[in-house]
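Asker: Position 966 of the sequence shown, counting from 1, maps to 966 under UniProt numbering, and the rest follow consecutively.
Yeah, the Cβ is synthetic: ideal placement off N, Cα and C, and Gly gets one too.
Supplied in structure tokens, the structure appears directly below.
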Amino acid sequence: MWRILHRHPLLFIDQNGLRRRKKPFSFKCFDFCSSQPSEDETQNSARQISDFLLQPNWKTLMDSSDLPKKLSPQLVRAVLHRHYSQVGDPNHLLDFFYWSKSKIDRPQNLDSFSIFAVNLCNSNLFGPANGALTQMIKTHLSASSILNSILFWFRIYKGSNPIVFDILIDTYKKMGMLVEAAGVFVAAKSNEILPSLRCCNSLLKDLLKGNVMELFWKVYNGMLDSKMSFDVYTYTNLVAALCKVGDVKGAKRVLFEMGDKGCNPNLFIYNVVIEGMCLLGATNEAIDLKKSMSEKGLVPDKYTYTIIINRFCKDKRLIEAKLMLEEMTKIGLKPAYATYSALIGSFMGDGNTEEVLRIRDNMVSCGICLNLVTYNVLVHGFCKVGRMEEATKIVNEMIKMGCKPNSQTYCLLIEGFCREHNIGMAFELIGEMEKSNLMPSVLTYSAMIKELFHCKDIPQAHGLIGQMTASGLKPNAIIYRTLITEYAREGRIEDARRILKEMSDKGFAPDIFCYNPVINCLCKAGKMEEASSYLLETVTRGLNPDAVTYGAFICGYTKAGNMLEAEKHFYDMLDHGLLPNNVVYTVLIDGHFKAGNIVKAFSIFQTILGLQVLPDVQTYSVFIGGLSKNGKVQEAVEVFSELKEKGVVPDVFTYSSLISGFCKQGEIEKAFQLHDEMCGKGINPNIFIYNALIDGLCKSGDVLRARKLFDGISENSLALDNVTYATMIDGYCKSGNLTEAFCLFNEMPLKGIQPHSFVYNALVYGCCREGDFDKALNIFQEMVQKGFATILSFNTLIDGFCKSQKLQEANNLLQEMISMQIIPDHVTYTTVIDWHCKAGKMDMADQLFLEMQERNLTPDALTYTSLMHGYNTLGNTLEVFALYEKMVAKGIEPDEVTYNILIDAHCKEENLVEAFKLREKMLGKGMPLREAVYASLINALCKKENFSEAFRLLDEMGERELTLNLDTCSTLVLGLHQTGKMDEATRVFKSMISFGWVPNGTSLSDLVKGHLNEPDSEGAGNLIKQIA
């Protein structure tokens, strides 16, 4: 039977579920004497000592013998076992155990402690047994070794008292070793030894108090398995545990089932369940349970009411809290001071100062005097809501009632006056404090320094710091933090950095709240590298960046357009368990939209929704605006609908974004529907909305309606701005109404609005469009004189000259532009190159092309296409192909026009294989085939007399509802006619009529003759000769 439990290791598990590590091995447990006594010698000595212990004068007998020299832990163990077997006096045994301890310089044997503890319990000497077990735990090995030893000797001595396990559990509990205590219970139960109900209840209570819930349920389930009869204390622990883990229903069920098991619930257990419910926020269920108490003949006590009133106060259910107080007094229960205090604090926090005063009066009428703490609560509340006069009256009242204000009272008043920007009164109170030998707190000085900064009285702020230092109160981290924050708020970043350094130099470790203002200020100034150096410094100091830190970097990088870094900091923030506020993620979403990255903006928005954060109206407005500006108006409408479904009320900026989007898409009526909707909801349109609507109407050609809206703006108490005039003037210029455009232009200065460059550019464009270049030049020269001339201005005038075939004037303007040090851009060069190509002036176009590249302006597909078109028109197909090769080599993607020119060039070269390859490439890229491509291919096929393929392309064009020009129709029919293919010519001719390419009523003869009589009949004649 020795050490049965070695085969069944005890599960002594800590709260993390890991096996406890054994205590360090102690070599003191071994006897290192060179010679050990034999077993017979030990037993002979034990017999002699046992005989002595039967005598009253055993100590004298021992001292007169040589036995003390032979004492060892092994001998003591033998004596304890032998003496107990002889049924000796247990008190002698007790004396001997502690006497022998003083004679031996080594710890007693583990089994000695076990024999001793078991025998003491069997002799009902529980106090000494507790002492022995305490020494045993402090002296010896792991809990498992101790328990194994006790179990062994418990079984050796038949009929031993199992209370030894109760005492062992209690001893472990008193020593704070709850895991070991629970382990004793589990091990004892597994050996069919059950601790008493009192011991188990006490263990459950301590496990519950220590929040060791896993072991609580292990012990409870062990009790349940052993079919122990539970008492009210067991059930009380159980319901408390169920409430602790949030199982209110389970707690109620246990409460109601107790009676059926012969254990009636008392007031205490009801209060436990009610308190548990209140802690979990199940206040209504707690009220119902309180009402059900009467059915059990129980009456709620003061504690019951106080629990519920406190919960009502936390839930801001203040009216119900007050009614509960009234009910409490009606049944004769006198509310405690804490009850009144909770109500006063809650009503004060709610800003209901009138009710606070009524409760205060009720409290006084009940004979309860307010103490300093409650007076300070009242003062704090009145100061918080800015009612400084009432706060002062409260202080005067407390003095009258013999309650002397303390430092906190004065500090609350001073901080309140600072919030009200009454710095003079704050200084008066500082003087009163000095007279009363009271010291202002650091927070008070901090509030005053903050207010002095607000008043721009920085010298006096420094003077106050000197006064503070002179009074023996040195600036601490709070003062330094205030100075750093205020300097940063004032934009005095160098002063803020200086204070931060001074703080460290004087031995104060700055926290993250000291670094944040500096980092935020640097990020706002776009000094991201310097801000990053401070971030690195915080990490080096072991500080954790918070949401404000990350928010500053996210906003800073977004403002700088570095969305990669902004997003990196955003996800770092989330990884650290921090949530951004609405401002931060709104800025991030806006940044992605401005960068044209709609997918990223959506991703951030979805991430925020996934974090259960409800975006506010500003976020939705930015999101809708971003979608609208990027042409995703339908998606913006869907988000707008979602916004309203979630109960978020759209504001003028939300409507502005959507209306602007619809106007840009040309959906004017939908824009006006939204305009009418917002007006119907009492939201007045701003000038941005009117500008968008006017712009949309002008672009749709409805200038008259735009003017009507323009004239009605002032009736809505809105001032016309530069954009309004510019939009209207631009509309008139594009519609050819220069007279009205110049009338508005002349009106602007009279209204105090100076025209900006956009207005001048619009007028230049309008004049060029109408061919009035003298007026355009006059406007342009005025722009130059006023310093308004920009690249756009030059480009507008150059484009106008080009469109009017005034290429020399355009070239002159280009040179003037360069002489004014206004660098031509890509648009400038592409415009003049294109028009020189159209005019067939390829040498000049080539020269401009080279000049463009010398200025490090990269030609795009449009530039190359212009040149290719020019050379193709001149029949120089080799140059066309050479330009295409250069274009592809530079990584420029050919567009639809590029392919059209290439196909035409290959057709001219009669290289139909390459032409059709390019056609297939276009189709593969999803590019539409226009009439010009079909015309080139059909003409080329006719030259090759490949009429079947030409017919196929004709049918394809008809199916796609494309139109073939009359010249190509004539060429094809004439070719068939001349080659004697009359049936085919007739069939094709009928198809042309059915497709609408040839007017109804035209005969085949008319088409052929008409073709021959056209100005271009010579070319057609040549083509006919080729076909023939």
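#1: May I ask you to report which of helix, strand or coil DSSP gives C369?
#2: Nearest CA to the CA of V379: which residue from S603, V179 and I399?
#3: Using the C-alpha atoms, what's the distance from A810 back to I823?
#4: Just mark P580 as buried or exposed, buried being the case when its beta carbon has 16 or more other beta carbons within 10 Å.
#5: Compare the C-alpha of F623 against each of V637, P510 and Q612 and name the closest.
#6: Under 6 Å Cβ to Cβ from C200, same chain only, skipping five residues before and after it: list those, please.
#7: Between A187, Y172 and A188, which lies nearest to A181 when the distance is taken from Cα to Cα?
#8: For K632, which of helix, strand or coil comes out of DSSP?
#9: Which complete alpha helix (DSSP H) runs does the segment 683-768 hold, if anything under 4 residues is left out?
#10: Could you compute how far the alpha carbon of F113 sits from the alpha carbon of D225?
#11: Can you tell me where the alpha helix (DSSP H) with S436 in it begins and where it stops?
#12: Look at F801 and L792 and say whether their C-beta atoms are less than 8 Å apart.
#13: With the cut-off set at 8 Å, would you say A762 and I729 are in Cβ contact?
#14: Which term fits S446, buried or exposed, when burial requires 16 or more other beta carbons within 10 angstroms of its beta carbon?
#15: With a threshold of 8 Å, are at least 3 pairs of Cβ atoms found where one atom belongs to the segment 746-755 and the other to the segment 776-783?
#16: Confirm, please, whether the CB-CB distance from E910 to F947 is below 8 Å.
#17: One question on the structure: do C942 and L972 come within less than 8 Å of each other, judged by their Cβ atoms?
#18: Thinking C-beta only, is V759 closer than 8 Å to A726?
#19: Can you find a CB in chain D that lies within less than 8 Å of the CB of V613?
#20: Less than 7 Å between C-beta atoms, sequence neighbours within five positions excluded: which residues of the same chain meet that for A950?
#21: H836 and L807: beta carbons closer than 8 Å?
#22: Please classify S641 as buried or exposed, where buried requires at least 16 neighbouring CB atoms within 10 angstroms.
#23: Could you name each continuous alpha helix (DSSP H) segment of 4 residues or more that falls completely within the segment 393-423, going from the start of the chain to the end?
#24: Have a look at S142, S144 and D166 and flag the residue whose alpha-carbon is nearest the alpha-carbon of G127.
#25: Fully enclosed by the segment 150-231, which alpha helix (DSSP H) runs are 4 residues long or longer?
#26: Give the secondary structure of P824 by DSSP, where H, G and I count as helix, E and B as strand, and everything else as coil.
#27: Assuming the contact rule is C-beta atoms closer than 8 Å, S160 and F154 should be a hit. Round their C-beta distance to whole Å, please.
#28: From M852 to G840, what does the alpha carbon distance come to, in whole angstroms?
#29: With distances taken between CB atoms, is the gap from I150 to A117 smaller than 8 Å?
#30: Closer than 6 Å by C-beta to Y550: which residues in its own chain qualify, once you throw out the five before and the five after it? Chain order, please.
#31: Could you pull out every residue in the same chain whose Cβ sits closer than 6 Å to the Cβ of E397, ignoring the five residues on either side in sequence?
#32: Could you tell me how far apart the beta carbons of L178 and G210 are, in whole angstroms, since I believe they sit closer than 8 Å?
#33: How far does the alpha helix (DSSP H) with I938 in it extend, from its first residue to its last?
#34: Taking the beta carbon of I319 as the centre, do at least 16 other beta carbons fall within 10 Å, making it buried, or is it exposed?
#35: Just to confirm, are V518 and I478 a CB contact at a threshold of 8 Å?
#36: At a cut-off of 7 Å, is P510 close to the ligand GTP when judged by its beta-carbon and the heavy atoms of the ligand?
Answerer: Based on what the coordinates show:
#1: coil
#2: I399
#3: 15 Å
#4: buried
#5: V637
#6: M223
#7: Y172
#8: coil
#9: 687-699, 703-712, 722-734 and 738-750
#10: 31 Å
#11: Per DSSP, S436 belongs to no alpha helix (DSSP H) and is neither H nor E.
#12: no
#13: yes
#14: buried
#15: no
#16: no
#17: yes
#18: yes
#19: Looking at the structure shown, chain D is missing, and only one protein chain is on hand.
#20: I938, L941, C942 and L972
#21: yes
#22: exposed
#23: 407-419
#24: D166
#25: 163-174, 178-190, 197-209 and 213-225
#26: coil
#27: 5 Å
#28: 19 Å
#29: yes
#30: H569 and M573
#31: none
#32: 5 Å
#33: E931 to K943
#34: exposed
#35: no
#36: Ligands are entirely absent from the displayed structure, and the ligand GTP is therefore not among its contents.
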